[in-house]
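Chains as they are written, first to last, in UniProt numbering: chain A, 1 to 194; chain B, 1 to 194; chain C, 1 to 194; chain D, 1 to 194. One structure is given below, encoded as structure tokens.
Protein chains: 4
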Amino acid sequence: MARNVERDALARERQRNNIMENARELFALRGLRGVRIEDIAKAVGITSANVYHYFSSKENLLMEVIVHSQLVFGEALQKLSEGSGSPWEKLVSLGTPNKNRKSYVVLLHLNIALSDALPKELRQQYKSNAINNLKVLSSIVAEGQRQGQIIAGDPLQLAARYIVDLTGFNVYSSTNLYEGLHFRFEDIIAHLRP
Amino acid sequence: MARNVERDALARERQRNNIMENARELFALRGLRGVRIEDIAKAVGITSANVYHYFSSKENLLMEVIVHSQLVFGEALQKLSEGSGSPWEKLVSLGTPNKNRKSYVVLLHLNIALSDALPKELRQQYKSNAINNLKVLSSIVAEGQRQGQIIAGDPLQLAARYIVDLTGFNVYSSTNLYEGLHFRFEDIIAHLRP
Amino acid sequence: MARNVERDALARERQRNNIMENARELFALRGLRGVRIEDIAKAVGITSANVYHYFSSKENLLMEVIVHSQLVFGEALQKLSEGSGSPWEKLVSLGTPNKNRKSYVVLLHLNIALSDALPKELRQQYKSNAINNLKVLSSIVAEGQRQGQIIAGDPLQLAARYIVDLTGFNVYSSTNLYEGLHFRFEDIIAHLRP
Amino acid sequence: MARNVERDALARERQRNNIMENARELFALRGLRGVRIEDIAKAVGITSANVYHYFSSKENLLMEVIVHSQLVFGEALQKLSEGSGSPWEKLVSLGTPNKNRKSYVVLLHLNIALSDALPKELRQQYKSNAINNLKVLSSIVAEGQRQGQIIAGDPLQLAARYIVDLTGFNVYSSTNLYEGLHFRFEDIIAHLRP
DNA sequence: GATGAATGAGATTTCATTCAT
DNA sequence: CATGAATGAAATCTCATTCAT
């Protein structure tokens, strides 16, 4: 019995994540307001009504997606920071496309979309999380500097600069406007090397 | 009888542009679904119904805004290209915030938001216009190379790289996530200098 | 000066008729409510606004069209009744397609449409005009009976019966549903011959 | 889980028919533009919004009503054709007012009103269905001829002639213009008797 | 949990009508 | 007269959300 309860809770959590991931992708592609509950439901393969078994409202789903995305990103960042590999490799890997790359695009979009139309509170929380993430990033940068892989300068400022590059690279890559003209992320951030 | 056909046509065109410009700002920040026709109408100072005197639908308005924005950007670019001033100054000025900067952000947003859900035809047209614009940009780059202001390399590739930077800078600036950490565009593209 | 006034009045009257005729045709084809002022204006080759120089409202235009149509039909009927030609020929000619046939189709449609959604007053007036017209028709029938061209019976009832045939024939002809299966009106009303 | 798919499908179909039948009556009397979705919804006893759960647009609803009406008429005709009773009785019953009579009037109206402004495709389909129905009718006529109840002649042509009469009779009856002057359908088609 | 039906609130769109030129 | 612009009122349509099954 207890087993079933646990199993149910697990299944529920899995479905919640499933929904959030689909929602995140859609929010990323079409903007926070450009997505209908039904779009998300369809992507997941369930009905709109069923979404409400997992999230109390669209607003709530949106918030959870934002927070969750940031959390996931933050965790990945932390893990990356603590993991093995040289700082430079870490920085490169963050921007290099792979199966997880989409998440960053999403974050990106959310950033953008956030500039308007979102509860102050959430926006504030989002901002402070972002800054925390930036600090983790800056620690990688600092370590890179120590190892002579990164140019000198305020690590936080350099981390922000790195974000500019990451952003530009991701948007450029995902819009895919100029066919034939591609970049490797490591070239984009090459100017950070000494 | 008392009508002046030319004047009418001009007034109409002016009002269309007026609406498009207001719509652009709003679409840029909130996306198609995040903007009500009434929002646009209010921004212009007319009635919702009157918007339909100029555009057949919200969807159509968006399309026209996209094309129009690109056109305006292209013209500005062309004018800049032909104008006086050093190539480097031209490149810097394009990214430096001023009353027109928003337009570029918009272009950006539209690019992104609409990578999905855009009529193939328009997307194709958009792409080809974008490439034309890129060519103009590359001519500025080439001139810069001739004058020793820009590093060597394929001008088109460098122009694309410039777009990456411009994009990153614009998004970073407009999201305004990390208060206190700002950049000047000329620093962002400094790596293009010899 | 007086000349000009007259001429103006005449021109005005002509334009009014022009509008009414176009309106009648459209009302006939699409129903009383299926026509927008702009449809009528377009058919005439003027603007919607200009229609209001001739008719105070759509409602008013509709009324005038109805009354006018009936009037025209009544006059034609009267003239036919008083004209030369045998009664049978007269009855045949009324239903036989020619450049004026459309009017009858219109009348027809109006009849139908009238069954709903029209001011009581107008409907009443329309009905009484219709009955007057029926009486004129019945006088032709009666004359036909005197001349041995029409079967015996109450002329009014026979006239009504004639209307049934005329209606059926006109609708059948104008819908043009069964290609290849056509009728001549005189065959439709052949049963009225002795 | 607690859902019964078959039952759901059936209920849906029933509700769709319910809406279509109510819509048909209204469209018949007032045409597409003369009927608001809310009128239909009210007649059915549901909300306007709910109508869109079953039909994608008012236009679409009209189309479906047209097709459906024809289908229903065709089925009734077929059943009548195969049923017991003499051919003559069958022909008479089709035109004799009863709870279903309105449907035919509707068909009529739609025919007329839509001769204009109807998608070519639908119009074509409508025509071919109409001809099929006419053939069924002609089989009744032919049987009537065999039994000596109908005059000689091409059954199809006679069936078409019957339609003229039916049309005229229905329109005449439903407009109700000449009070006191009524007909029985069997008298209208008496000329088809030998 | 999952679904289809149903809804209220709100956004888009239409249209008869007015008005300044 | 004639027109294009503008509008208010109303209709169409969308969508997040609830509910019975």
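We put the CB at the ideal spot given by N, CA and C, even for glycine. It should be emphasised that the depicted structure is a prediction, and the values quoted were computed from it without experimental measurement.
Residues of chain B whose Cβ lies closer than 9 Å to the Cβ of Asp165 of chain A are, in chain order, Val164, Asp165, Gly168 and Ile188. Residues are counted here when their Cβ sits less than 8 Å from a Cβ of chain A; for the region 152-163 of chain B these are Leu156, Gln157, Ala160, Arg161 and Ile163, given in chain order. Only buried fits Glu21 of chain B, as 16 or more other CB atoms lie within 10 angstroms of its CB.
In this structure, the beta-carbon distance from Leu71 of chain B to Asn129 of chain B falls below 9 Å. Between the region 125-141 of chain D and the region 154-174 of chain D, the count of Cβ pairs shorter than 8 Å is three or higher; the stretches touch. One finds nothing in chain C with a Cβ atom closer than 8 Å to the Cβ of Ala23 of chain D; even the nearest lies about 15 Å away. In this model, Leu91 of chain A and Ile140 of chain A are separated by some 8 Å (Cα to Cα). Below the 7 Å Cβ cutoff, chain B contributes Ile163, Val164 and Thr167 as neighbours of Tyr172 of chain A, in chain order. C-alpha of Glu25 of chain B to C-alpha of Ser48 of chain B: approximately 17 Å in a straight line. The C-beta of Ser86 of chain D has fewer than 16 other C-beta atoms within 10 Å across all chains shown, which makes the residue exposed.
Against chain C, the beta carbon of Lys127 of chain D has neighbours under 7 Å at Leu177, listed in chain order.
Take Leu122 of chain D, set aside five residues on each side of it, and the residues of its chain with a beta-carbon closer than 8 Å to its own are Met63, Ile66 and Val67, in chain order. For Ala142 of chain A, the closest of A:Trp88, A:Gly31, A:Glu6 and A:Lys79 by C-alpha to C-alpha distance is A:Trp88. At a cut-off of 9 Å between C-beta atoms, His68 of chain D does not count as an interface residue with respect to chain C. Pairing Thr96 of chain B with Arg193 of chain B gives a Cβ-Cβ distance that is not under 9 Å.
Put simply, the CB of Leu94 of chain D is far from chain C, with every gap to its CB atoms at 9 Å or more. Note on Ser84 of chain B: under 16 other CB atoms within 10 angstroms of its CB, so exposed under the neighbour-count rule. Look at Ala41 of chain D here: in three-state DSSP terms it is helix. Listed by position along chain C, the residues whose Cβ is nearer than 7 Å to that of Ile131 of chain D are Tyr178. Counting the other CB atoms within 10 Å of its CB gives Val164 of chain A a total of 16 or more, which places it among the buried residues. The beta carbons of Leu94 of chain A and Leu166 of chain A sit about 7 Å from each other, so the pair counts as a contact at 8 Å.
For Leu134 of chain A, the uninterrupted alpha helix (DSSP H) run begins and ends at Lys120 to Arg146, by DSSP.
At a beta-carbon threshold of 9 Å, none of the residues of chain C lie near Leu61 of chain D; the nearest stands roughly 16 Å away.
At a cut-off of 9 Å between C-beta atoms, Phe73 of chain C does not count as an interface residue with respect to chain D. In this structure, the straight-line span from the alpha carbon of Ile131 of chain A to that of Glu75 of chain A is close to 14 Å. Contact annotation for Phe183 of chain B against chain A: Gln157, Ala160, Arg161 and Val164 [CB-CB distance below 9 Å, chain order].
Residues Tyr54 of the same chain have their beta carbon placed closer than 8 Å to that of Arg12 of chain D, with the five preceding and five following residues left out of the count. Distance from the CA of Tyr162 of chain C to the CA of Asn4 of chain C, rounded to the nearest whole angstrom, comes to 47 Å. In the three-state DSSP reduction, Tyr172 of chain B falls in the helix class (H, G or I).
No Cβ-Cβ contact shorter than 9 Å links Val44 of chain C with Asn60 of chain C. Taking a C-beta distance under 9 Å as the contact criterion, Gly31 of chain C and Leu177 of chain D do not qualify as a contact pair. Contact of Leu134 of chain C with chain D by beta-carbon distance below 7 Å involves Tyr178. Between Ile40 of chain B and the set B:Arg146, B:Ala23 and B:Tyr52, the nearest pair of CA atoms involves B:Ala23.
Ile150 of chain D and Val35 of chain D have their alpha carbons spaced roughly 41 Å apart.
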